[in-house]
Amino acid sequence: MKYYISTFVLLAFAFIGCGDKLDLDDFISSGGTTNITGDTIYVQISPVWGGFNNPQDIIVGKEPFIYVADTDNNRIVMMNLNGQVLSTKSVPKPVALAQDYQFNLIVCGTFDTTLSTGETRTYSAVYKIDMAGALHDLSAAQMNRILPRYNVSSDYQFPDRVYTSVCTFYDNSFYIGRKGPNNTSIIDPDNSILIFQKKNLPGGAKADTLIGRLPLLNPIGTGLLSVNNLSALASFNRRSVDFIMGMTGENSFRAQWMTFVVTSEFAGYQNRLDPGSGGAEMMKVNKFISPEGITIDNANNIYIADTGKDSIYKFNSFGDEKESFGGPGIFNNPSGVAHFDRTLYVADAGNNRILRFVLSTDMR
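Written out as structure tokens, the structure is:
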């Protein structure tokens, strides 16, 4: 496989404060394939953050703290921006993370239950962790399971369903991406995006409530408006319900920007970017193989971690490709990506580590 790296080269750069001087001894070279076409390069920050086992996702929370889905260690790890571990929490097989504006963490993982036959069965699950209630002590935070729902027997009739992704919005509603093999149902196919919104309860309290699934999305489609094996969801940091989704199923456009449109005749999601001739580079046919991680920065730049190409892609808000980089000499299954304060964080799952990068123009 040939790996393309647009306007990127990888070095390493020590994390320094605003008042510190750059120490050239902290630079390290990397063995990725590169195709340098511009003057702006990416610089890797040292040290590498280790101690993880197949980390599948990473986010920077609203606080901001860093949260890592340390999948095969069955835990969520909370760190400060310097990489110091502050707290951890046991969660079985966490694979996706998001945080709402009330500081709740929403986590896709698994849970085990014992059937009436005595058999132990593992289900995919979604949890909500109350960080504010525990004063941001992750280890002490209350964790509740929101999927499968308690006392809703139909939730347990589909053990092959997998919750793969989550994104939150300005009003604390959130979407859950789900995949599975059974997609013949018109009403409830496995491949779906589930909608959760706040519901008012007696006494003024609110509860997360499953409203249904997003309509007009083809569960096994090979083109636009499809949710064929969802792998990633990411929302924008503004008053919008737009989102970027990634999928690993058979599809020509495995990363799509969904924008909510309201007209006199229609209200719903449509594709934001044009895949036609001369359209956005992000919408080129077969651009991606397996986009497992997506994040969006405050300038609406889009970052996509493609495990199939061991690469990170960057696009601006028009879908034009900017600084992209990767290859097996740099990453091994980069499964999660996050961005904060000009720093790009990558969960390099196959190498059991977190890597950080800054643009050369942003070095301080």
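As numbered in the numbering used here, residues 102 to 465 make up the sequence shown, in order. Note that CB positions come from ideal geometry on N, CA and C, so glycine has one too.
Outcome for residue i when other beta-carbon atoms lying within 10 angstroms are tallied against a minimum of 16
| i | result |
| --- | --- |
| Lys307 | exposed |
| Asn301 | exposed |
| Asn434 | buried |
| Asp201 | buried |
| Leu331 | buried |
| Tyr251 | exposed |
| Thr269 | buried |
| Thr138 | The pLDDT assigned to Thr138 is 37, lower than 50, so where the model puts this residue is not dependable; a value taken from the coordinates is nonetheless given after this. Looking at its Cβ environment, which holds fewer than 16 other Cβ atoms inside 10 Å, Thr138 is exposed. |
| Leu123 | Residue placement at Leu123 cannot be trusted, given a pLDDT of 32 that sits under 50; the coordinates are not used to answer. |
| Phe458 | buried |
| Asp449 | buried |
| Asn174 | buried |
| Ser436 | buried |
| Asp411 | buried |
| Val178 | buried |
| Gln371 | exposed |
| Met180 | buried |
| Met384 | buried |
| Leu206 | buried |
| Pro316 | exposed |
| Phe432 | buried |
| Pro303 | exposed |
Simplified DSSP assignment, three categories, for residue i
| i | result |
| --- | --- |
| Asn319 | strand |
| Met383 | helix |
| Thr408 | coil |
| Leu311 | strand |
| Asp213 | strand |
| Leu374 | coil |
| Tyr251 | coil |
| Asp463 | helix |
| Asp442 | coil |
| Asn245 | strand |
| Asp256 | helix |
| Asn301 | strand |
| Gly347 | strand |
| Gly234 | helix |
| Ser274 | coil |
| Leu325 | coil |
| Ser425 | coil |
| Ser240 | helix |
| Lys388 | coil |
| Phe416 | strand |
| Asp398 | coil |
| Ser353 | coil |
| Ile431 | coil |
| Thr141 | coil |
| Ser341 | coil |
| Cys119 | Confidence at Cys119 is low in this model, with a pLDDT of 36, below 50, so its placement is unreliable and the value that follows should be read with caution. If DSSP states are grouped into helix, strand and coil, Cys119 belongs with coil. |
Under 9 Å between C-beta atoms of residue i and residue j
| i | j | result |
| --- | --- | --- |
| Glu382 | Phe416 | yes |
| Gly152 | Val186 | yes |
| Ile287 | Arg314 | no |
| Tyr228 | Thr214 | no |
| Ile142 | Ser461 | yes |
| Asp231 | Met244 | yes |
| Val342 | Ser266 | no |
| Ala170 | Val196 | yes |
| Leu318 | Ser293 | yes |
| Ser418 | Asn401 | yes |
| Met359 | Met348 | no |
| Ala226 | Pro260 | no |
| Ile413 | Phe389 | no |
| Leu182 | Pro165 | yes |
| Ala439 | Ile159 | yes |
| Val208 | Gly278 | no |
| Ala242 | Lys299 | no |
| Asp289 | Pro282 | no |
| Ala199 | Leu374 | no |
| Gly409 | Ser391 | yes |
Identity of the residues DSSP links to residue i by a beta bridge
| i | result |
| --- | --- |
| Ala368 | Val363 |
| Ile288 | In DSSP, Ile288 forms no bridge with anything. |
| Lys280 | Val263 |
| Ala448 | Gly437, Ile455 |
| Arg222 | Thr214 |
| Ala306 | Answer is none; Ala306 lacks a bridge partner. |
| Val227 | Cys209, Leu248 |
| Val161 | Ile167 |
| Val293 | Note on residue identity: the sequence assigns Ser, not Val, to residue 293. BP columns for Ser293 point to Arg279. |
| Ser332 | In the DSSP output, where bridge partners are listed per residue, Ser332 has none listed. |
Residue i beta carbon near the ligand NAP (any heavy atom closer than 8 Å)
| i | result |
| --- | --- |
| Asp171 | By its list of ligands, the structure shown contains no ligand whatsoever, and the ligand NAP lies outside what it can speak to. |
At 3 residues or longer, what runs of the beta strand (DSSP E) sit wholly inside the region 164-208? Entirely contained in the region 164-208, the beta strand (DSSP E) runs reaching 3 residues are, in chain order, 167-171, 176-180, 186-191, 197-200.
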